[in-house]
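The structure under discussion appears below in the form of structure tokens.
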Amino acid sequence: MTGDLELCAAAFFRTVGKDVATTDEFVMEVSLGQKWMSPSEAKDLLKALVSAGVLEQRDGYLRPKADLSGIDVPLAYRPPKDLAKAPKKDVPAPSPKQDDGDMFPKLMDVAAGAGVQRREFIQECNRIQKRLDVDICAAALIVLRDSGVDISPYVEGVYGRISSSRVTPS
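Heads up: the sequence shown runs through residues 0 to 169, numbered per numbering that gives the first Met the number 0.
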């Protein structure tokens with residue numbers, strides 16, 4: 000079974016189209032080229048890949064330690080945000096019966112519990128909300144999903160919030 004780090008390394012090397020890269024190329028491609036994460040997070044990811052033994056770093060060059068060509072990389076692959084971090088703690092699921100209060104503060108707490116900075120979370124939610132013309136809570140679910148959080152416990156609450164706030168034409 001292929002781990003997340005191996006999948007990420009395979010995706011990177013397929014993207015650059017070669018089997019050797021400099022550390023600077025890695026950081027630039029992961030952060031600016033693919034927009035997977037910030038440059039500092041890309042450096043952390045690089046450290047994680049090297050320390051896990053997925054990549055070999057010698058004389059400023061990176062090479063995969065194993066053959067990555069057999070790994071199936073999904074078409075729109077994006078590594079989980081916490082890939083370079085320590086394993087994240089389980090995010091507590093809300094109680095099955097959701098109250099009708101605003102869901103966005105709850106989703107912000109879930110994001111914070113998953114290690115996503117509040118400011119970054121809100122900015123990304125606003126960006127998605129404007130781009131897709133969706134409710135802020137729907138945008139928050141997208142951001143959480145892209146951050147590797149299981150959103151299934153929150154979908155029903157967000158759906159209820161959106162459907163109850165809809166204005167029906169007269």
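For glycine and all other residues, C-beta sits at the position ideal for the given N, C-alpha and C.
Nothing here was measured: the structure is a model prediction, and the numbers come from that model.
For residue 31, count neighbouring Cβ atoms within 10 angstroms of its own Cβ and tell me buried if that reaches 16, exposed if not.
-> For the purposes of this step, residue 31 is taken as the residue at position 32 of the sequence shown. Its Cβ having fewer than 16 others within 10 Å, residue 31 is exposed.
In terms of alpha-carbon separation, which member of 68, 38, 50, 148 lies closest to residue 18?
-> Start at 1 with the first residue of the sequence shown, and residue 18 comes out as number 19. Here the closest residue by C-alpha is 68.
Tell me residue 128's beta-bridge partners as DSSP assigns them.
-> Counting from 1 along the sequence shown, the entry for residue 128 is found at position 129. None; residue 128 has no bridge partner.
Does the segment 53-68 come close enough to the segment 2-9 that 3 or more CB-CB pairs lie under 8 Å?
-> yes
Out of curiosity, what's the CA-to-CA distance linking residue 134 and residue 128?
-> Residue numbering aside, residue 134 sits at position 135 when the sequence shown is read from its first letter. Residue numbering aside, residue 128 sits at position 129 when the sequence shown is read from its first letter. One C-alpha to the other measures close to 6 Å.
Roughly how many whole angstroms lie between the Cα atoms of residue 111 and residue 121?
-> Taking the first residue of the sequence shown as 1, we reach residue 111 at position 112. Taking the first residue of the sequence shown as 1, we reach residue 121 at position 122. Using only the alpha carbons, I get a separation of about 11 Å.
Nearest candidate by alpha-carbon position, reference residue 83, set 118, 45, 132, 56 = Residue 83 sits at position 84 when you count from the first residue of the sequence shown. Per the Cα distances, 45.
Helix, strand or coil at residue 74 according to DSSP, with G and I counted as helix | Counted from its first residue, the sequence shown places residue 74 at position 75. The answer is coil: DSSP assigns residue 74 none of H, G, I, E or B.
Leaving aside the five residues before and after residue 37 along the sequence, list all residues of the same chain whose C-beta is less than 8 Å from its C-beta, in chain order.
-> Working through the sequence shown from its first residue, we reach residue 37 at position 38. The beta carbon of residue 37 lies closer than 8 Å to those of 30 in the same chain, with the five residues before and after it left out.
Coarse secondary structure for residue 104, derived from DSSP in three states = Taking the sequence shown and counting its residues from 1, one reaches residue 104 at position 105. The answer is helix: DSSP assigns residue 104 an H, G or I state.
Using DSSP with H/G/I as helix, E/B as strand and the rest coil, what is residue 51?
-> In the sequence shown, the residue the question calls residue 51 occupies position 52. DSSP places residue 51 in the coil class of the three-state scheme, outside both helix and strand.
For residue 56, the three-state DSSP class (helix, strand or coil) = What you label residue 56 is simply residue 57 of the sequence shown in a count that begins at 1. In the structure shown, residue 56 sits in a strand (DSSP, three-state: E or B).
Distance CB(residue 157)-CB(residue 102) smaller than 8 Å | In the sequence shown, the residue the question calls residue 157 occupies position 158. In the sequence shown, the residue the question calls residue 102 occupies position 103. Cβ atoms of residue 157 and residue 102: closer than 8 Å.
With residue 26 as the anchor, note down where its alpha helix (DSSP H) starts and where it stops.
-> In the sequence shown, the residue the question calls residue 26 occupies position 27. First-last of the alpha helix (DSSP H) with residue 26: 22-27.
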